[in-house]
Amino acid sequence: MTGSALPRTGLPRDLHPLAWWSWAIGLATAASLTTNPLLLLLLMGSATVVVVARRSGHPFGRSFRLYAALAAATVVLRVVFRILFGGQEVGNVLLDLPEVPLPDWAAGIRLLGPITSEALLAGLYDGLRLAAIILCVGAANALANPKRLLASVPPALYEIGTALVVAVTIFPQLADSARRVRAAQALRGGTTTGVGRLRRFLVPVLEDALERSLALAAGMDTRGYGRSGGAATRERWLTGGLLLLALTGICVGTYAWLDPTAPRVLALPMLGAGVGVAVLGLVSAGRRVQRTRYRPDPWRAAELSTLAVGLVVAVLGWYVGHAQVVVAYPQVDVVPYLSPLALAVGVLGTLPAVATPVPASALAHREVTA
Amino acid sequence: MTLHGAVELRGITFRYDEHEVLRDVDLTLDEGELVLVSGRTGVGKSTLLGVVTGLVPRFTGGVLTGDVLVGGRSVVAQPPRERAHVVGYVGQDPLAGFVTDSVEEELAYGMEQLGTAPGTMRRRVEETLDLLGIADLRARDLRTLSGGQQQRVAIGAVLTTHPRVLVLDEPTSALDPTAAEDVLATITRLVHDLGLTVLLAEHRLERVVPFADRICLVTGDGGIRVDAPQPVLVDSPVAPPLVHLGRAVGWDPLPLTVRDARRRARSLPDLAAPPGVPAPGGAPLLAARGVTVVHGRHVAVRELDLTLSAGRVTVLMGRNGSGKSSLIWALQGTGKRRSGTVDVDGADPAALAPAERRTRVGLVPQTAADLLYLETVDEECAAADTGAEVAPGTCWALLDRLVPGVDRASHPRDLSEGQRLALALAIVLTARPPVVLLDEPTRGLDYAGKAELARIVAGLAADRHAVLLATHDVEFAAHVADEVVVMAEGEVVSSGPPRRVLAESPSFAPQVTKVLGDPWLTVEEVAAALGDTR
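Protein chains in written order, with the working numbering: chain A, 1 to 370; chain B, 1001 to 1534.
This is how it looks when you write it as structure tokens:
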């Protein structure tokens, strides 16, 4: 095998983070619209396959295992809860546990009781559905650096994006400083219980965090963050007005849409108009921003195909949920099965594993570790 | 040459409430000049730098009057962000100022804010990577870089916007001697090749004086003195050992570089070699054998042996990340060690309860402020007394002996760096540990602070404590050490009396040794020998 040969799918590069997130959200949508364990396992499998093939070399790339553990824990918890609180007489009793009598004020809650296979299966299916959604989010996180996603927000939202990026960065630092202070406080005697202990720990950590934040703010300010450029007052008013109008439109539209008694003209049309004005406002706000982007992620065919896969999976998943109810929501007393369409939903998600370029960061990482 | 300098401060006055930090200060920096801001701690060096960057008074409060001109244009009314294209600023802790998480993105950040065209941005990032010699780090996570690399990235990140002035606040204070030399060489190159104007504050004058064109001495009464290095250093309250040597011997003009001084030293009369201080052979208090500390896959300390004896000061040196802190924490017992034994008075501190541990080994961590959490010095002392179950007033008495004259009612955060360190040390000593470990105590101390610390450490040794301290400061090590241990990659590479270990190493030799050769370590020794011959 020639180690230096490049894959067919194009030069190594990192895919646009939005593409990965839309793909993952597509898969998660499909997963949320079914309880068929076979379909859910297929969806989880395809997410995992793509992660293994196209994981980025960033520290976030290693976080997938964490999400997998969380997903497994969710399934287990779901089943355990069914055993603890889901006792019922109807159905195929596997183990006849006695019910723990509870006082009157806890009426409506059952502790233990007979365990039926139906209850267990329902818990399992439900847990699998949640686990699949968690795994999809984890896949997006491992495939795309969340910081780059925040950095690619439209220019008008740039400030908020940066604030979020900084917040993400602060957390590991806070953990560091907490560890340091805990070790340091062990070097002196004194109160080790209650409020005193909390104070000993919190005061230095908070002081440290405050000092760091000030240093960061000073650093960002001296490097030009938040330069006003040459925005005229009128432009600012225009942008502000447009965004306020959009917000009102979206609020009224959403309310009318959810409330069936409201006139229909206030529902979807109003919502659409609100979104339209919001876009206008963002464009107007973005125009006066003088900022540029260094090496922005391009949006090419591979991104488009990844987005399309996510979209198709979601739409097909929705269609299965509506047209093939027996497949999407199998009864707990029959063996679940897949229709050809459902099978397609489950397998289609693996396409990006071969249709996208290898991430550049993963290659660099491999060279370092090799 | 234009009529005005790159930066002009005109009639700058700055005060908080009653306290006047700067009074009617005028300062002109010429194009392509490196000006060193020096002075004792707390006299307003950072304030002077902040006036140029705009962080003073916007981030500090206080009242500023006067005018600041950059390239002939007044910028005093502009916030720092509007000056970003002409003034570049790098703070004391580069890591705290990083906004992004990779080297390349960090270099581009400033240009993105200024709206530089993408093509130009790409070109400048590549140029800067080469200029600072960090091209191989381009994709690295900023947090995984060494201190010297971080400092160079921070400088590169402000250089990409092509500022006219670079303002640096203690760029080498946290660095080991070699990394500090790298950073300073980089800065000098920028001054020489690009004609950049640099305004730089630094405590460790021995590192920067040879590179400075002029020195701006902040006197502390609100004024400044600006002149060529020699005239300023003749009577400056802060001066590198080389200048002290020059003053002691009576050289005029003063030598500023080791090379100058070495040439002059040929004319010195033959001096009687300093008496080799007889090693007071104290009883061993701490014996460590085969200590190994592992962080994940990284071996921080590898099978290290160390003995600390009563009445002796051992200085631990080595570049950043060579395992000094890991060793200190492992010896104290809080840090996990993988294998090996530590024996203090017949017990392993790691196996003891924290309260028991404190009575055997005391440790002052790198950030002494982590130990403090109360509002006044008095409360801290009282808490230390009850914590160690000793008579009330013990801690205060210790502190008063370490640094007389601390205000009991003041907030620990308002103390000077040296006083805060002494407070932390007093709290640790309240439990009466025979062994005292200090992790990087010289950080942020000026010459007076270090002299004070040296006196405190000598006092501890005189009280039959065994002292181990880690430091990058070779001059300080030369003053206090009975024994020096140099670490690299978690192993001891050399150890022994300072006269041998420090003189052997080109990067750890103090200035006096560099000038006069082997047996000489400190100016005091030379002065004493001179006094004998005269």
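Note that the Cβ used here is the ideal one computed from N, Cα and C, for glycine as well.
Only a predicted model underlies this, so the values are computations on that prediction, with no experimental measurement involved.
Within the DSSP bridge table, the entry for residue 1487 (chain B) names B:1492 as partners. The C-alpha of residue 1484 (chain B) lies about 24 Å from the C-alpha of residue 1527 (chain B). A residue is called buried when at least 16 other Cβ atoms come within 10 angstroms of its Cβ; residue 1270 (chain B) does not meet this threshold and is exposed. Comparing C-alpha distances from residue 1209 (chain B) to each of B:1192, B:1390, B:1034 shows the shortest one belongs to B:1034. As a beta-bridge residue in DSSP terms, residue 96 (chain A) pairs with A:114. Residue 1438 (chain B) is not a Cβ neighbour of residue 1399 (chain B), given a cutoff of 9 Å. When A:80, A:247, A:163, A:180 are compared, the shortest CA-CA separation from residue 1325 (chain B) is found for A:180. From the beta-carbon of residue 286 (chain A), no residue of chain B is found nearer than 8 Å; the closest lies around 13 Å away. With a 10 Å radius around the Cβ and a threshold of 16 neighbouring Cβ atoms, residue 109 (chain A) comes out exposed. Cβ-Cβ distances below 6 Å link residue 13 (chain A) to 357, 360 in the same chain, with the five nearest sequence neighbours on each side left out; the list follows chain order. Buried is the label assigned to residue 208 (chain A), since at least 16 other Cβ atoms lie within 10 Å of its Cβ. Taking CB atoms only, residue 1192 (chain B) has no neighbour in chain A less than 9 Å away. In terms of Cα proximity to residue 157 (chain A), the closest of A:251, A:193, A:284, A:350 is A:284.
Rounded to whole angstroms, the separation of the alpha carbons of residue 1256 (chain B) and residue 177 (chain A) is 41 Å.
Here the alpha carbon of residue 1149 (chain B) sits roughly 21 Å from the alpha carbon of residue 1165 (chain B).
Beta-bridge pairing by DSSP links residue 1294 (chain B) to B:1299. By the criterion of a C-beta distance shorter than 6 Å, residue 1431 (chain B) is surrounded in its chain by 1358, 1359, 1388, once the five residues flanking it on both sides are discounted. Nearest CB-CB separation between residue 298 (chain A) and chain B: not below the 9 Å threshold. Here DSSP, grouped into helix, strand and coil, assigns residue 1014 (chain B) to strand.
Between residue 207 (chain A) and chain B, the shortest Cβ-Cβ separation is below 9 Å. Taken in chain order, the members of the region 214 to 225 of chain A whose beta-carbon sits within less than 8 Å of a beta-carbon on chain B are 214, 215, 216, 217, 218, 219, 220, 221, 222, 223, 224, 225. In the structure shown, residue 109 (chain A) adopts coil according to DSSP, grouped into three states. Nearest C-alpha to residue 247 (chain A) among A:120, A:272, A:259, A:21: A:272. Each of A:96, A:140, A:133 was checked against the Cα of residue 119 (chain A), and the nearest Cα belongs to A:96. Beta-carbon to beta-carbon, residue 1498 (chain B) and residue 1466 (chain B) are separated by about 17 Å, too far to satisfy the 8 Å threshold.
Not flagged as an interface residue toward chain A: residue 1014 (chain B), since no C-beta distance is shorter than 9 Å. The beta carbon of residue 264 (chain A) sits no closer than 9 Å to any beta carbon of chain B. Secondary structure within the region 1221 to 1274 of chain B: the alpha helix (DSSP H) runs of 4 or more consecutive residues, fully enclosed, are 1229 to 1234, 1241 to 1249, 1258 to 1265 (chain order).
Boundaries of the alpha helix (DSSP H) harbouring residue 1106 (chain B): 1103 to 1114, taken from the DSSP string. Inter-residue distance for residue 41 (chain A) and residue 1295 (chain B) is about 37 Å (C-alpha atoms, whole angstroms).
Cα atoms of residue 1218 (chain B) and residue 1040 (chain B): separation of roughly 8 Å, rounded to the nearest angstrom. Of the residues A:145, A:266, A:187, A:274, the one whose Cα lies closest to the Cα of residue 249 (chain A) is A:274. Neighbourhood of residue 1081 (chain B) in chain A, by CB distance below 9 Å: 220, 221, 222, 223, 224, 225, 226, 227, 228, in chain order. DSSP places residue 1479 (chain B) in the helix class (H, G or I) of the three-state scheme.
Bounds of the beta strand (DSSP E) holding residue 1019 (chain B) are 1019 to 1029.
Secondary structure of residue 1038 (chain B) (DSSP, three-state): strand.
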